[in-house]
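Trainee: Read in UniProt numbering, the sequence shown has 34 at position 34, and its numbers run on one by one without any break. Next up is a structure, given as structure tokens.
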Amino acid sequence: MAVPKKRLSKSKTNSRKSQWKHKAVIESNKALSLAKSILSGKARVVNCKKI
């Protein structure tokens, strides 16, 4: 017989969401930093073309 699953607590849900969002913020900061360095010409990226 099917039994409903237990509800996940709101605090656990919020904790997991905030962890995911924190990782996204870190990655976006890395991307922004790379873009700034490419535009300033200080980047040492293999496939980087100067504009």
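Glycine included, every Cβ here is placed at the ideal spot set by N, Cα and C.
1) Can you grab the Cα-Cα spacing for the pair N29 / K36, in whole Å?
2) In whole angstroms, what is the alpha-carbon distance linking R7 and T13?
3) Do you know offhand how far A31's Cα is from Q19's?
4) By the DSSP assignment, the alpha helix (DSSP H) with Q25 in it spans what residues?
Mentor: Looking at the coordinates:
1) 11 angstroms
2) 10 angstroms
3) 19 angstroms
4) Reading off the sequence shown, one finds Val at residue 25, where the question assumed Gln. First-last of the alpha helix (DSSP H) with V25: K10 to S40.
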